[in-house]
Each structure stands twice: as C-alpha cells, then as structure tokens.
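Structure record follows, encoded as structure tokens.
2 protein chains.
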Amino acid sequence: MSKPNLTVRRSLFILILLCLTSGVWAQGLESPDRRLSMQFALNAQGRPTYQLTFDGQEIIKTSGLGLELKKEEAGRQETFDNTQHTQAETIDRKADLMTGFTLVDAETSTFDETWRPVWGEESEIRNHYNELAVKLHQEKNDRDIIIRFRLFNDGLGFRYEFPDQKNLTYFIIKEEHTQFRLTGDHMAWWVPGDFDTQEYAFTGSRLSEIRSKLPATVTSNASQTPAGPTCVQTALMMKSDDGLYINLHEAACINYATMHLNYLEDQQTFESLLTPDARGDKGFMQTPCVSPWRTIIVGHSGADILASRMTLNLNEPCKIEDTSWIRPTKYIGVWWEMIVGRSHWAYTDDVTSVKLGQTDYSKLKPSGRHAANTENVKRYIDFAARHGFDAVLVEGWNQGWEDWFGHQKDYVFDFVTPYPDFDVEAIREYASQKGVKMIMHHETSSSTRNYERHLDKAYQFMVDHDYPAVKSGYVGDILPRGEHHYSQWINNHYLYCITKAADYHIMVNAHEAVRPTGICRTYPNMIGNESARGTEFEAFGGNTVDHTTILPFTRLIGGPMDYTPGIFEMDCSKISPDNQSHARTTLARQLALYVTMYSPLQMAADLPENYERFMDAFQFIKDVPVDWQRSLYLEAEPGQVVTIARKDKHSDNWFVGSTVGPEGHTTRLSFSFLDPGCKYEATIYADGKDASWDKNPQSYIIFKKKVNSKTKLDLKSASGGGFAISVKAIK
Amino acid sequence: MSKPNLTVRRSLFILILLCLTSGVWAQGLESPDRRLSMQFALNAQGRPTYQLTFDGQEIIKTSGLGLELKKEEAGRQETFDNTQHTQAETIDRKADLMTGFTLVDAETSTFDETWRPVWGEESEIRNHYNELAVKLHQEKNDRDIIIRFRLFNDGLGFRYEFPDQKNLTYFIIKEEHTQFRLTGDHMAWWVPGDFDTQEYAFTGSRLSEIRSKLPATVTSNASQTPAGPTCVQTALMMKSDDGLYINLHEAACINYATMHLNYLEDQQTFESLLTPDARGDKGFMQTPCVSPWRTIIVGHSGADILASRMTLNLNEPCKIEDTSWIRPTKYIGVWWEMIVGRSHWAYTDDVTSVKLGQTDYSKLKPSGRHAANTENVKRYIDFAARHGFDAVLVEGWNQGWEDWFGHQKDYVFDFVTPYPDFDVEAIREYASQKGVKMIMHHETSSSTRNYERHLDKAYQFMVDHDYPAVKSGYVGDILPRGEHHYSQWINNHYLYCITKAADYHIMVNAHEAVRPTGICRTYPNMIGNESARGTEFEAFGGNTVDHTTILPFTRLIGGPMDYTPGIFEMDCSKISPDNQSHARTTLARQLALYVTMYSPLQMAADLPENYERFMDAFQFIKDVPVDWQRSLYLEAEPGQVVTIARKDKHSDNWFVGSTVGPEGHTTRLSFSFLDPGCKYEATIYADGKDASWDKNPQSYIIFKKKVNSKTKLDLKSASGGGFAISVKAIK
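So the protein lines, in turn, are chains A and Z. Okay, so the first sequence: first residue is 1 according to my numbering, each after it adds one. Okay, so the second sequence: first residue is 1001 according to my numbering, each after it adds one.
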C-alpha cells in the first residue's frame, strides 16, 4: 500500500482568489487529471455556490449551497437555578445558514493514497483528489462554517462542516438547500422519493417527465411515505444528450437524515430534501460535526460511473481493527419457498395474534407448511455442503411470525426463541459436522426499540450457536411511531446495530434499511443491504426486465446489495400453484448477476430441487468467487446492458457477466483484459437461440473455449437475458 | 396471611338485572360494608354508565364510559403476496367503542384476602371487595368488551377489558371517554394537566374556578406540555360542601398512557384525557388486554382517603420472587449543595459542549466547584456512618454534565465513566469499610433510547461497585423527540428499567418519571419516585406553605415519593449567597415529614454541617424508621393539616408527625393508639413559641414526656410548622 501523499497549500487568498466585479469571491479547483474543474463562489447575497465543468463542458451550473435551521425558542436556562426564565424569543435570522457569508480562508490540498478494502471489487483502491476547504463567516449571526470540496478524476464530493463555536453549538436542521442545477433535460433513471421504502421499479425518463410519470410509480409497499410530486431518490443516474453520464448520491451518511432530490422544474434543478423525523425536523446537530458528502460522479461512459470508487473514498478508513472474522460468503437459504408462497414463516394457523412468552406454541397445531423445521433445514445444509456453499440462511425460525406484520406491534420478536420444530442445537451440530455455517435471521418488523432491547442477547445467541452473519429486516412502519426508515434517528439505529455486531464479530446484511452510502469501508462487517427491489419481486409479479441493468448505476453506487440471484425456475406457479408471477429473466442472465451485481455476500436463492434439474448451469454459481482482485466494466448503458469482467481475488481466473434489457443485445466481447502471456479455458453460459425471458427462459447453452488476450467473441443475449463466463487460467 | 376468600356468583341476569322502562339494563353492586353502592346501566344509546352512592349520598352521578378508536385504513395485507392491495377504506363505526352495546352477561363475586407488602405503611393489607364484571356486546361491529368494577369499603375501581376476538385484536385508542359526573361545585386541590411535568404548585379552588386560575399555575419547567385550559392531573383530591372527600386517580397504569382529567364545566364532569404520542395517538393495544383501573376513593374525612389501600389492592401481587435484597433505606447525599447553587454537577467550566469519548476531561481545568469529588464524598460517607444512615447518594459523578440539559442531546451520558476527581474504586472501598452503601445516580436527560442502550452495562457497573439502588432522572424533553413523559411508549420505558433492574437486584427511585399508580406492589424494587414538586423547589423560590399538607392526598395516593425532607437551614443564601430562596417550613415540620410523607426511601437532604448545628433535632431523623407496622391518620385536611401516627415495623415504638398550612394549627393529640397495657416515653419536637416558617423557622422545642394510651397533649404548630414525636416503649 502506498503511503498517502498529502500536500497542503494555504492559499493567500488575496493572491489566489479571483475578485469578481461585484465584489463576490470565487476560487477554482481542478481534479488531479485537470479534466474536471469546479468554481466556488459567494454570490451577491453571500450565498455559497459551486459550478462544475468536465472536459470543458458544464455539468452543474452555478448552484446554491447552505442550510435552513429551525426557528427555536432561545435556549431554556438550566432548570436548577432560581429564576427559570423561558424566553419565547424567536430570532429569524438565526435560522439562515445560507446567505450573508464572507470568505475567511481557503485551503487547498492534494491527497493520494492507495488502500486495501477488506473485500471489494478490487483489492486496491486509489484515493486521489484535490481538496478545497473554504471557511465562511456569517457576520449577522457571528457563525462560521466550512465547505469542503474534494475533486477526484471521476467526480466531486463536498460536505458542510460545522466547527465548534460559541454561536453554533446545538442546532436543528429545518432543511438542507444543496442544489444541483443541471444543463439540460437529461434522461434519468429514478425511483420516487419516499421516506420509508426504495422498493420501487425504476423509471427511465426525461427530467421534465418526472412529475407526470411519478404517481404511477408509487406502487404499494409494506411501509411507504412518498416524499413529493417531483421528488426522487439517490443514487440518481442521468445521461445528457451530449453523452455525459452524471450520478448524484451521498457518501458517509452518518448521524444525519438521508437525502432525497426534489426536482424544481422551472430551474431544471435538484435540491436536497432530507428525511424528516416524527415532528418534521430534519436533524439534530452538535458541533463539531459534518454533513454527509454530496457526490457528483461524472464520465463520458456508463463504465466510468461503475468504475468510480469515489463513494468509498469519501468514507472514513476501516474502524474495525481485527477484520479476520469478516469473510465474503456464498449461501443458500430456506427462503424462496416462502417468498413464492409454498411454505410459511409462521408455524401455525391456529392463532392470528401472538403474545411472546404467553402464547404456548407447544399446544398449537403446526400448519404443516412451516419451512424452518429441522428436517428441511438439514436438507438445505446437505445441499450446501455437497456444493461448497459457505452458509445456510433460515427465515421463520423464531416465534412471532403469526402476527408480525402490519400491527405496529412493539414486542414482536425476541430473536432467541425458536419454534418447537426448529431444533437450534441439533442444527448447530449438524451444520458444524458438515462444515457449513448458519446465517441468522432477525426480522425486526421495524420495531427498533424492541430490537435494541434484545440485541445483546440475540447476538450472544448467534455466537453461541455458530451464526457468523445476520440478515436483519425492517419490514413495515417504523417504531417509534412517526419516525421513518431513513430519518437521522433510525439511521443512527442501523449503525448502532452494525457497530455492536462488530463487538460480537458478526456480519450484518440489513434489508429494508437505509440505502448504503459507502460506509462499508469504515464498517466492513456490513456485508450486505437490500434497499431496492431484490429478486423477491420476481415472485411478487416480476421485476421490470431492465431492472438489473439499472441497479449498478443507482442502488449499487452506495455499496453491495444482497440481490439474491440464481432463480432457475421462472414460473412461480410451478412451486406454488396460486402464484402467477413469472421472473423476468433468462436462466443464463441469473448466472451473470453473480458478476454484475457485486456483493461479498451472494445467495443462490432458488430451491435445491430446481438446481438439481440444471446442474451444468449451476456449476457457474459453484465456481464464481465473491471477492475480487480487479473489475472491468466492458459495457454499461442503463436500461440496456451491463457487462463486467472480474478477476478472482485469490487466483488468476476471470469471470464475466452480462445482463441486458428488454431489447436484447449482442456483445462483441474482447478478452483483452487477460494476461497476454497466459492461456485460459473459458466456459460460456449463454442464452439459447430461442431463449427469451417470457417465452423460453430456461433455454441456455454451455460451451467451452480456449481463449487468450486476443480472443474476441460475439455473444447474443435475449430479451431479459445475458451470459456468464468463467475463464480458468491453464497452468 | 389469610387465605383469599373468593366467591363467584354467575348472575342469571333475567332474574337479577333490573329491566328499566326504556329497555335499558342496569345492575347494582354494593361494597362489603354495604355503605357504598353503584349502579351499572346501559343508556338509551347503548352506552355503558355507572353511578356511585355513599351512605345514601350520590358521589358520582350517572356517568358515561367507553373509548373512541382511531379511524384507520383497513389492515394492509401481508407484504409477501402477489397482489399487495392497500385498501384506503375507512369505516367510521369501527372507531366507536362507546355506544350500541347490549349486555351479554354479568358476573358478581367477592374477594377477601390479606397480603403482606415487602414494605409499606402497614405490614398487612386487606384487599376486600365485591366485584361486578359486565360483558358487553357491540352488535354493529360484532365486538365484546368487559367492564370490571370492584367496590371496596373505601371506593370504586373499574377498568376496561378487551378479550381476544376476531374483530378487536389490534387497535389504536384515539381517546378514552371515561366520565366522572360530580354532584356539586366541589373544592379541589389540583395541578394543571401537563404531558411532561407534574412539578407545579397545587391550587385549592372550586371546580368552577379551574379555567380562570389555571393559566397562572403553569409556571415554567424544564419540559412542559400543558394539556388544556381546564385539564388537571391525578390524583385529584376533592371535598364537597356536605363533607364528602373524593379522590380520582388510576391504578396499575401499565402499557397505557397516563390519564389526565379534563373538566367539562357545563356538565360539572371530569372526562379522561390520555397522554398522546408523537402523532397524537393515545395507545396501541393488542387483545387480550386491559386498561388501568380508574379509581374513586371516598370517605367522610380526609383520614379515610389517606387510609385507603385501594390503589395498591388494584395492582397485581408481587412479581419478584426473591425480595430479600429490597431494603427500605435512609440516606444522605451529595445533592443539596448543588441544588442550592454552592457547587456544581459539572466538572469544568472550560467547555460548554461535550462529546463523550472525545472530550478529554483529563486535559480540562476543574472548576473547583465540582461536588462529586472523592474527598467530599468521603466526608458524606463519614457522616452517614457516624449517624447510622444506610447509604450515600452522589450526583454529578459521571462525565457529561457540562451540556446535559436543554439540547435534546442523544448520547448525553454513558452512566459508567466517572469524572477524573471521582475515584469510584476508592469510594467503593471506603464506603464498604464504613458499612455504608452507595446510591447511584443516572440522569438520563430524558434521552430514553440512549439510557436503554447503556442499561445493562450501567446496572452491571452498579453491581460491581456496590450500589444497590439508583436514583434515575428524566429532566428535559423526551427523546425520541415528540414523545411525552407520560405516553404509553415512555411509560413502557420506565417499567422496562424497573424490571431489568430487578434482574440485577437493583432498587429504582425515578425522578421526573410518570406518577406512580401503585405498581410498587407488583415491583417493590420501585422504592421511590418524584413526580411532583419535591424539596428541591424550596431552593427554587420555595414550595407553597401548604404543599406538604396536600401531597398525601394527591401525589402519594399512587405510591411513595422521594420528597427528600430534612432542611434545617431555610435561608438558601447562607449556603449560596446568590440564592434568595427561603424554604417555607419550620425546622420541626421538616422532622414531621419523615412520618407524614410515607416512603421506604428517606433522605436527610441538608448539608452535614447544618445538621451538626442542630444535633438534638437531628436525633429524630436518626431515630425514625422507614418501614411500618401500622399507620393511623389522626388529622387530615388538605391545605391545613396532616397528622399521622405510625408504629415501627420492627419494634413497639411509635412515631407521630404533623405538618400544617399557613394558618398554623393546634392539635389535640390523643395517644389512644398506644397499647393500653404499656408504658412509653415520648420525645416531642415542636415549633417554638415564636416559630414561623418565614420569621423564625429554626425555633423549636424538644421535651420528653411519659405517655400512655390515655395521654392527651395540645401541640401548637406555627404557620408552615408542625411537630414530630418519637414514642419509645419502655420495657
């Protein structure tokens, strides 16, 4: 690892700053490769602004920055005095943290460091940027803030910093007013803004079409609070008519509310809109503190966006000292059979209302459809052991599933009490004999206080029974009631669980939690997240055909997703007769997803019996690694195609995956990424000639081919299809 | 202990029920002594009502019962299906849980049991009542409820019961509409309704004067949310013009919001008003469940009210199996010197903003006024040991006090990290050598999530360092923000702490927490509470002179208060020159409070040096027990006088205390409560002839006198004065 190269230049701002005619200050900053440049300026109202240019083309027009604070009663006096004055004085100007600023100081610096993630798309990541930190003074309130810009070769990150100071110590954010003024009516791939879910289908549309198209995109969800008629979520992927790719997201969202983007149509501008708490407040801050980074990743191709490591680089280095227990994991699970509807999480149909500790399950009649029974679990363990999987997830093992959803029930699970037919000791022993780990499941039903109350015992239970990882879930409305899935209070909860899990050497894969913002760099035991429509929606009517060509540009910008690919039986009625859903994918594409949907945690989601029907194709899932040395983005066009080649972290083998949209796609694949001096044998898993997601999804071909760095290969993918290739180095 | 005598009579309601002309049903119930009688009836709208009569005089006129539920969207379907319908259907009639009822069944029974509290005003308590349980059916919603009435000789308790049933499983309470229709414009002693504090001065007024007098009573507090212009708190004490004493409160408020009483002037009626959550909802319920008991204690004298054990009797028996570790405790503390303003909780003046784990106290300059330093604590331990106190409380020992209040700060304390000058190990050892226990202090700053996160470690820290009891505090606005001190969510928090404390064998004395409702019977490790203006207000401008003559009729109805009496230096400026407060009490009355303000936890609140000036008077505090065999209420008139005689639980000694209002009072004390065959020596601590709370509070006389059951003694108490007597049996 190279030593960080850090250069700080204190600007003598009289010399360096540009003094514009209006008396407004401005300062420029360039990326290390000088292709990106930004201008910071204070406008006539003393409002900080920035502007961003890429290869001479404007990406972001001059855009306002700043925050609006909540108007508050002047601080109440300490209660233990003799006077106890409460002043109801409201001072408007104090709420303004946006205008009236003057520049005090500007500091530029350069940073260049290469670091090794515990796991990732690459074994080494370069973190190279030029930095500008502007210190601003607001005379009317005698307050200072710093805005820190980091300009990488692949984009811009900036954040607000609030130093410790007399007149700004504790404050409440009413709203953040960070703007992104765009240069045209770009194409955008978005889901509607919502404070409680991201599980919507993506819409690709012009920015000007957001308002008209948005209502139809707000399909029903287990918990949802739409954020506004032109409000969308991050990461937002855009493409300009002149071929610029622009991605807006955030990095290191810690102790802060998650940002949405509200589109101001008349200004062709996105403005930040933070997730509110139960009273509509957006954040409670104590200086010194910082906002998350607001990120603009830019490129001339979709591949530039996917190759960016800016989101990770803007996060703090790993805070976990010993990371030896954090291991990328391939797993199967007692899950899909319930998702599809063949079996149940719940143990019994006898009751529809449960009181933990009072409901005596030993006296209730099992429904006969409870999947998490010892025998069934052993069957999955056998399959995992036979095919080299690391672990088995089991959902529905613990008491409480009969009424867990939709009742805002406080004491909904205790996370340690199994159903009568789940023999936790026997399963621990059996899995251990077979060399398979178990993956714990903690559905919280969004009852966050209840989960925190049980967290220590639940994690200790995992340690005691050899579960090194947990899939947690946050289905339904948040408790405490009125809070939202992405508010500061609840974001704080997720991180609390992650840091406490680290104390127990437990890896966390949280579903329905807040979308990640690269914090897995700092806490690499956060090995997965959902935070978007995953494979489960293939059994809830089907994901859109282009879904997996958009996710890498949106959801995955913040970190890995536990997408749970590997569906070999697309016709859900074959598993559960009443389920008319059809997965909108070919079988070959399902293999590709293990490469295109990067995650250190990969599931083979389908039933063992479905894999047994297609063992030749299943071989790819067995072979594909879950940790990488290098990644190359060969084709990348949202809605159309994503083709990625990755080199195994622990061998010279390469793996290629391609997922395509409804139009199908022909890939001219060049193997130029291979080591020129080496020989390889490729095994290609491609769509059959007559394949298509709807008519013939299980039509695939497998063939082997000797390849080298000069090989080229045309591969035709069907509608909703794709291909996967494993390339083994021949010694 | 006598065996419970339980008789159940299933009423054949055709025979027993009265069929009134309108087709309305009614049924009567009498108290065991037949002096109280109540009538249950369904009115013409099918609304349940009750009416209460005492010795032929109506106490409560026919009053409505029932609840209003929140109108809700029909339950969302389980998320994991294929259709995901959300029905926005709102069905109004479902919100009505108040009218349209018919009587299904009525069951009467008798219960008579004598039980022994772990600690209390008496060593045995008789629980004797007649019960009527009416089962009601609401045809329009096909729902059932039960209203259970228990009629004691001293009053009525009733509650709503919601059995498990198809059409009433999970529901949200919009409001409870329990009414108390009064028979006249009674005198009442009240504090204004507030969802976040009870720390108001009492007002004695006619009911009709509540509206006009209320605004002035809402004095400023560290957290307050006034509940309405005619809303008051319980326990509410009333007196009718014909000499009936009526007390309204609740018992066993568990997993339910605290009740306030909203006065409907035109109907001369109080109606229940529950504490809302952050969104204004009043309760989330899952059947089977019950409401707290609504209580009406009645009598022909104030003494009847004070002698009532109805509140305790309506609570569940003790749930803690081994109670050997629960011990009534007399203590002193490093506290009053900070309350008065001479010293500080905080360690330093160097910072006004703290981040735990980041703020390095070892580098900060101590203010020199930090009371919780090892040397000072040892001085208190010495004093405690010398004078036979059980324990020493120390506040301000742990890091975080520099900015603990008023900032809605989440991570405000960790409850285990002492300031640099508080040597927890040395203090543990010193106290242990001296035979003195330490009392822990956990100020939560109302940051309830943070407290729960640290609770296990904080309690374990107590066990490790020999602190058998904790004083917890909830100063300031509740976190999660928007919740209130008395909402269901936060009431649940307090009980969570108490039950978890029991696991660690820890006794809890929660300040600023919800007012107690007798649950110390069930959880006797809850040895104290504040929940009203305590002695601290004597240093914040002074309590009203009659305050301690009202508390026994109001705050103490629900359980003991940690009032912290024992102030010998009334002039606060003598301790802290800037504090102009003057405690509104004579010294003799301060002694009386150890008898009149029943608590198993009694503090001697003043500074050791003040006690050393009056060691003859201090002797009473040393002598007075904190647990009792019998209690007799000799004089009891709210606002005027409370005189109580109690017999020590572990000897034949008696103790008498009397506290009087601003008018002063002469007590004709008869010692008839003494054992006729025994001889006694009484030591009388009375106001001096020239004593008065404002002019000469430290004027007292002490004299000894041989007494027997025939002795009578006139004792004149000054304005704000009183007397205390210890009566030792001569063997």
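Think of the CB as a built atom: it goes at the ideal place given N, C-alpha and C, for glycine as much as any other residue. For clarity, every value in this text was computed on a predicted model and none was experimentally measured.
Identify the continuous beta strand (DSSP E) that holds residue i and give its terminal residues.
i, result
"Arg-126/A", "125-138"
"Pro-1608/Z", "Per DSSP, Pro-1608/Z belongs to no beta strand (DSSP E); it is in the alpha helix (DSSP H), 1608-1612."
"Trp-293/A", "293-299"
Going by C-alpha distance, which of the options is nearest residue i?
i, options, result
"Lys-1140/Z", "Ala-1106/Z, His-1128/Z, Leu-1168/Z", "Leu-1168/Z"
"Lys-1174/Z", "Thr-1275/Z, Leu-1136/Z, Asp-1033/Z", "Thr-1275/Z"
"His-665/A", "Leu-674/A, Glu-635/A, Phe-673/A", "Glu-635/A"
"Ser-1670/Z", "Pro-1662/Z, Leu-1587/Z, Asp-1714/Z, Ala-1216/Z", "Asp-1714/Z"
"His-650/A", "Ala-729/A, Leu-593/A, Ser-717/A", "Ala-729/A"
"Ser-1531/Z", "Gln-1233/Z, Tyr-1411/Z, Gln-1640/Z, Ala-1718/Z", "Gln-1233/Z"
"Asp-1196/Z", "Lys-1622/Z, Ser-1445/Z, Pro-1638/Z", "Ser-1445/Z"
"Glu-1512/Z", "Gly-1518/Z, Glu-1536/Z, Pro-1524/Z", "Glu-1536/Z"
"Asp-194/A", "His-177/A, Thr-225/A, Lys-166/A, Ser-220/A", "Thr-225/A"
"Met-564/A", "Gly-283/A, Phe-553/A, Ile-339/A", "Checking the sequence shown, residue 564/A turns out to be Thr, not Met. Per the Cα distances, Ile-339/A."
"Leu-52/A", "Phe-149/A, His-128/A, Lys-135/A", "Phe-149/A"
"Asn-1307/Z", "Tyr-1598/Z, Thr-1667/Z, Ala-1222/Z", "Just to set this straight, residue 1307/Z is Ala in the shown sequence, not Asn. Considering only alpha carbons, the answer is Tyr-1598/Z."
"Gly-476/A", "Glu-425/A, Gly-528/A, Gly-518/A, Val-412/A", "Val-412/A"
At 8 Å on the CB atoms, spell out the chain Z contacts of residue i, in chain order.
i, result
"Asp-164/A", "Ser-1353"
"Arg-453/A", "Glu-1452, Tyr-1496"
"Arg-279/A", "Ala-1278, Arg-1481, Gly-1482"
Go to residue i, then tell me how far its alpha helix (DSSP H) extends in each direction, as first and last residue.
i, result
"Ile-339/A", "336-340"
"Leu-306/A", "302-307"
"Gln-1590/Z", "1587-1596"
"Glu-429/A", "424-434"
Does the beta-carbon of residue i have 16 or more other beta-carbons within 10 angstroms, so that it is buried, or is it exposed?
i, result
"Gly-1056/Z", "exposed"
"Ile-1684/Z", "buried"
"Pro-215/A", "exposed"
"Met-615/A", "exposed"
"Trp-1189/Z", "buried"
"Thr-1596/Z", "buried"
"Val-104/A", "exposed"
"Phe-1461/Z", "buried"
"Glu-250/A", "buried"
Taking 8 Å as the limit between beta carbons, can you name the residues of its chain near residue i, skipping five residues before and five after?
i, result
"Asp-466/A", "Arg-428, Ala-431, Ser-432, Lys-437, Met-438"
"Asn-708/A", "Phe-671, Leu-674, Pro-676, Cys-678, Lys-679, Tyr-680"
"Gln-1640/Z", "Asp-1546, Thr-1549, Val-1660, Gly-1661, Glu-1663, His-1665"
For a contact meaning CB atoms closer than 9 Å, what does residue i contact in chain A?
i, result
"Trp-1489/Z", "Asp-410, Arg-449, Leu-479, Pro-480, Arg-481"
"Tyr-1170/Z", "Ser-353, Asp-403, Gly-406, His-407, Gln-408, Lys-409"
If you measure from the beta carbon of residue i to each beta carbon in chain B, is any gap under 8 Å?
i, result
"Asp-360/A", "Looking at the structure shown, chain B is missing, and the protein chains on hand are A and Z."
Identify the contact partners of residue i in chain A, using a Cβ-Cβ distance below 8 Å as the criterion.
i, result
"Thr-1287/Z", "Ser-353"
"Asp-1466/Z", "Per Cβ cutoff of 8 Å: no residues; Asp-1466/Z is ~24 Å from chain A at best."
So, for residue i: in the same chain, excluding its five sequence neighbours on each side, which residues have a beta-carbon less than 7 Å away from its beta-carbon?
i, result
"Pro-163/A", "Asp-144, Ile-146, Thr-287, Pro-288"
"Leu-1264/Z", "Glu-1271"
So, for residue i: in the same chain, excluding its five sequence neighbours on each side, which residues have a beta-carbon less than 6 Å away from its beta-carbon?
i, result
"Thr-217/A", "Pro-192, Tyr-200, Thr-203"
"Tyr-170/A", "Gln-286"
Who are the neighbours of residue i on chain A, taking C-beta pairs under 7 Å?
i, result
"Phe-1553/Z", "By Cβ distance, chain A contributes nothing, its closest Cβ being about 26 Å from Phe-1553/Z, past 7 Å."
"Asp-1456/Z", "Asp-456"
Whose Cβ in chain Z lies nearer than 9 Å to the Cβ of residue i?
i, result
"Asp-196/A", "Simply none; closest approach about 12 Å."
Any heavy atom of the ligand ZN within a distance shorter than 7 Å of the CB on residue i?
i, result
"His-1260/Z", "Looking at this structure, you won't find the ligand ZN or any other ligand, since it has none at all."
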